[in-house]
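Protein chains in written order, with numbering that gives the first Met the number 0: chain A, 0 to 262; chain B, 0 to 352.
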Amino acid sequence: MSALAIEHLTAGYRRRPVIHDVSIDGIAAGSLTALVGPNAAGKSTLLRAIAGIVPASGCVRFDGADLLREPIARRAQQLAFMPQSLPQGVGLSVLESIVAGLSVSAPEHVRSGRDARRAAVSVLESLGIVDLAMGRLDTLSGGQRQMAALAQALAREPRILLLDEPTSALDLKHQERVMGAARRLAETGCIVLVVLHDLSLAARWADRVVLLHHGRVVADAPPEEALTGDRIGVIYGVTARVERNRAGRLHIDVGGLAESELG
Amino acid sequence: MTITLSHEGETVVDRHRRIATRRTVLVIVLAIAALLLALADVVTGPSDLGVWQVVRGIVLPDTLSRIEHVIVWDVRLPAAAMAALVGAALSVAGVEMQTVLDNPLSSPFTLGVSSAAALGAAIAIVLNLSAPGIGANWIVPANAFVFALASVFLLQLLARAAGNATHTLILFGIALQFSFNALVALVQFYASQQSLQQVVFWMMGSLQRVGWTEAGILAAVLALLLPFTLAAARHMTLLRLGEERALSFGVDVRRLRFFALVRISLLTGTAVAFVGTIGFVGLVGPHIARLLIGEDHRLLVPASALTGALLMAVASILSKLLVPGVALPIGIVTAIAGVPVFVALILHRSRAA
Ligand SMILES: Nc1ncnc2c1ncn2[C@@H]1O[C@H](COP(=O)(O)OP(=O)(O)OP(=O)(O)O)[C@@H](O)[C@H]1O
Ligand SMILES: [Mg+2]
């Protein structure tokens, strides 16, 4: 199975680069990578660059091709992206929004409207939100809308899934569902890249953590190596200790703002 | 796959399909209603022709006397057809504008198309323009049309220079609108008494200067553009879910916007050129359609065309009935009657939310 490699990616807005020469090599198929970092580090911009939504230089290698130079319809066949901010006031039902997406770009086995409706329902079932199917997006809560957006991305059965803070509005149960769904998709051979602010969540679910700061990669390793107390302290400007609890899980204990931040 | 049953024992897919069917039926009902109202529009008028006389005269023209024939076939039918066509054109342009600008308060006139057309018309009237090969009564609409199109392309140029964000487009549109309005005022300031009156009358929006040729041209423009609008419908629906998401689905958003704006300007420019500024239909038509049909543009676009046609037919009837013996300019009627409809819609929405 093919890996995803990001090489010397520089991207930004109106000629102001936000991420600089970012390289992340060999993101294996079947793996779940968490992208973490402080606000404005450039996490969303990096995902947008990979998805081809902001102009970028460098390359994104996948399956022997450079995704950045593929026609956008082909790229859409391989890659699904769930943005961080979701629009409000959309008068479509959850099911309609998924079917509308599939009518533009769908996996090969979804050939008809009937297939699309079925695929949509089964994704909603897998996320445990089939009761939202007929709800209109503009009447849902923020977290429900996030689940609906995730369902729309999952329904495409992408080979690369980019999720920008998919759990930011979710309660504990739904966080579990979302990360579980991402994990399951990874197990089918998909490459999953998730932006997360919750470092404990990242440590628990990710195979690999990429820490971004000021548009550059400052750590790229398995969670226990990437997330050290010192590093978190320096990058986030807090005092932090990382411990392993009895279940063997990483726990990030934040003591407060670092001295340097206290003015 | 498990089958999920809701409490009524109906699957989600069944419910989805039932709603889809109901919406299709609604579109058909709208079509019938629009047709009936257009017919009512033909029947309404100052001369005392009976309903059946008119209906029979439409089916069997030979049953009408010569004068009746002129009234029905040369005055009322083209005016009613034009009313419905203008409503459809402005409402379709409105729904596209609202989606493309991601702003429910947009209308075909948001970006200054109507002001540009008014400027074109005013200049043609005041300067008494003439051009080889264009008849005297075509020069005003032709100039209005040219100005309307030119304004959209000017806008595109400005927006491209500023990076194509929708809010910049809206801001530039507003700026252009103010400039055009000021220029219209300037032209009016220098106009003679008689041409001033003509300009003012043009800007009010009226169906009285149209015949079959004008209606035919607008019908042709609509028939030519509607297939493209419908072809873009799936992408437009996806655009409602946000630009980033649409892009990630492989939708070329910039291209989609550009061609939507071209269609909007052609539809609006043609409609405005012949009948002047008709407010509110392009704003309210899409809103009513959206309330009835939802936001799947494959149905929303035809539904908007029909609600627009329907509203204009009603406005046209009112324009003939409100003041006995006088046909008010229809632009005034839509503007006055549009306000309560608009307020009712907003109240309905905020109550529903
Ligand atoms: N659409 C945009 N236009 C211009 N600049 C932008 C845009 N989006 C982000 N930026 C800038 O790019 C930088 C990185 O933003 P980005 O959204 O990638 O950060 P992030 O790591 O996702 O932050 P957060 O955790 O707050 O979501 C910021 O300085 C921001 O101001
Ligand atoms: Mg972000």
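In this text, a Cβ means the ideal position worked out from N, Cα and C, and glycines have one as well.
Kindly list, in the order they appear in chain A, the residues whose Cβ is closer than 7 angstroms to that of residue i.
i	result
residue 99 of chain B	Going along chain A, no residue has its Cβ under 7 angstroms from residue 99 of chain B, so there is no contact; the nearest lies around 14 angstroms.
residue 24 of chain B	The contacting residues do not exist; residue 24 of chain B stays about 17 angstroms from chain A at best.
residue 14 of chain B	133
residue 358 of chain B	One cannot answer for residue 358 of chain B here, as it falls past the ends of chain B, which runs 0 to 352.
Mind pulling the chain B residues with CB within less than 7 angstroms of residue i?
i	result
residue 2 of chain A	Ordered by position in chain B, no residue passes the 7 angstroms Cβ test against residue 2 of chain A, which lies about 21 angstroms from the chain.
residue 146 of chain A	Correct list: empty, because the minimum Cβ distance to chain B is about 14 angstroms.
residue 82 of chain A	241, 243 and 244
residue 64 of chain A	Those within 7 angstroms of residue 64 of chain A in chain B number zero; the least Cβ separation is about 15 angstroms.
residue 85 of chain A	241
Report the neighbours of residue i on chain A: residues whose CB is nearer than 9 angstroms to its CB, in chain order.
i	result
residue 234 of chain B	103
residue 313 of chain B	None at all; the shortest Cβ gap to chain A is about 25 angstroms.
Let me know if residue i comes out buried or exposed under the rule of 16 or more other beta-carbons within 10 Å of its beta-carbon.
i	result
residue 342 of chain B	exposed
residue 294 of chain B	buried
residue 333 of chain B	buried
residue 192 of chain B	exposed
residue 340 of chain B	buried
residue 172 of chain A	exposed
residue 0 of chain B	For residue 0 of chain B, the predicted structure reports a pLDDT of 45, less than 50, and the residue's modelled location is therefore unreliable. The matter cannot be settled from this model.
residue 207 of chain B	exposed
residue 185 of chain A	buried
residue 234 of chain B	buried
residue 28 of chain B	exposed
residue 12 of chain A	exposed
residue 248 of chain B	buried
residue 6 of chain B	Low per-residue confidence applies at residue 6 of chain B: pLDDT is 49, beneath 50, and the placement is therefore not dependable, though the value from the model is reported in the following sentence. Its Cβ having fewer than 16 others within 10 Å, residue 6 of chain B is exposed.
residue 15 of chain B	buried
residue 99 of chain B	buried
residue 235 of chain A	buried
residue 252 of chain B	buried
residue 32 of chain A	buried
residue 140 of chain B	buried
residue 238 of chain B	buried
Would you mind telling me which residues of chain A sit closer than 8 angstroms to residue i, beta carbon to beta carbon, in chain order?
i	result
residue 162 of chain B	13
Rank the options by C-alpha distance to the C-alpha of residue i and give the top, closest one.
i	options	result
residue 175 of chain B	B/148, B/200 and B/104	B/148
residue 145 of chain A	A/166, A/63 and A/129	A/166
residue 200 of chain A	A/178, A/188, A/95 and A/218	A/178
residue 133 of chain A	B/13, B/245, B/244 and B/108	B/13
residue 264 of chain B	B/217, B/337 and B/345	B/217
residue 77 of chain B	B/164, B/19, B/112 and B/273	B/273
residue 2 of chain A	A/33, A/79, A/61 and A/54	A/61
residue 81 of chain A	A/259, A/153 and A/137	A/153
residue 180 of chain B	B/126, B/86 and B/115	B/115
residue 188 of chain A	A/28, A/15, A/10 and A/21	A/28
residue 93 of chain B	B/228, B/33 and B/242	B/228
residue 83 of chain B	B/125, B/214, B/72 and B/64	B/214
residue 21 of chain A	A/14, A/34 and A/30	A/34
residue 129 of chain A	A/232, A/196 and A/120	A/120
residue 170 of chain A	A/161, A/156 and A/141	A/141
residue 198 of chain B	B/281, B/226, B/126 and B/231	B/126
Would you mind telling me which residues of chain B sit closer than 8 angstroms to residue i, beta carbon to beta carbon, in chain order?
i	result
residue 89 of chain A	239, 240 and 294
residue 74 of chain A	249
residue 52 of chain A	243, 246 and 247
residue 45 of chain A	The contacting residues do not exist; residue 45 of chain A stays about 14 angstroms from chain B at best.
residue 5 of chain A	Those within 8 angstroms of residue 5 of chain A in chain B number zero; the least Cβ separation is about 17 angstroms.
Using a Cβ cut-off of 9 angstroms, pull out every chain B residue sitting near residue i, in sequence order please.
i	result
residue 256 of chain A	Correct list: empty, because the minimum Cβ distance to chain B is about 33 angstroms.
residue 79 of chain A	247 and 248
residue 165 of chain A	Within 9 angstroms Cβ-Cβ: nothing; residue 165 of chain A doesn't reach chain B, min ~13 angstroms.
residue 159 of chain A	Those do not exist, as residue 159 of chain A stays about 11 angstroms from chain B at its closest Cβ, beyond 9 angstroms.
residue 49 of chain A	Neighbours of residue 49 of chain A on chain B: none; closest Cβ ~10 angstroms, over 9 angstroms.
Taking only beta-carbon positions, decide if residue i is within less than 8 angstroms of chain D.
i	result
residue 18 of chain A	Absent from the structure: chain D. Protein chains present are A and B.
Point to revise | Residues proximal to ligand 3 by C-beta, any heavy atom closer than 7 angstroms | key: Ligand 3 is not part of the structure shown, which contains ligand 1 and ligand 2 as its ligands.
Check your understanding: Whole alpha helix (DSSP H) runs in the stretch 217-259 of chain B with 4 or more residues, listed along the chain?
Key -> 232-238 and 242-247
Review point. Listed from N- to C-terminal order along the chain, which residues in the stretch 234-264 of chain B have their beta-carbon within a distance smaller than 7 angstroms of any beta-carbon of chain A?
Key: 234, 236, 237, 239, 240, 241, 243, 244, 246, 247, 248, 249, 250 and 251
**Study point:** Residue ranges of each beta strand (DSSP E) within the stretch 163-227 of chain A, 3 or longer
**Key:** 190-194, 207-212 and 215-220
Point to revise | Residues from the stretch 281-295 of chain B in contact with chain A, defined by Cβ distance under 9 angstroms | key: 289, 290, 293, 294 and 295
**Study point:** Contiguous beta strand (DSSP E) assignments of at least 3 residues, all confined to the stretch 8-93 of chain A
**Key:** 15-26, 31-35, 55-61 and 78-81
**Study point:** Near-chain B residues of the stretch 91-115 of chain A - C-beta to any C-beta below 7 angstroms
**Key:** 91, 94, 95, 96, 99, 100, 102, 103 and 104
Check your understanding: What residues from the stretch 115-133 of chain A come within 9 angstroms of chain B, judged by C-beta to C-beta, listed N to C?
Key -> 116, 117, 119, 120, 121, 123, 124, 129, 130, 132 and 133
Check your understanding: What residues in the stretch 87-98 of chain B have a beta carbon less than 8 angstroms from any beta carbon of chain A?
Key -> none
Exercise for review: Only counting runs of 4 or more residues, tell me where the alpha helix (DSSP H) segments fall wholly within the stretch 104-176 of chain B, in order along the chain.
Suggested key: 112-125 and 138-160
Point to revise | Uninterrupted alpha helix (DSSP H) stretches inside the stretch 311-345 of chain B (no shorter than 4 residues) | key: none
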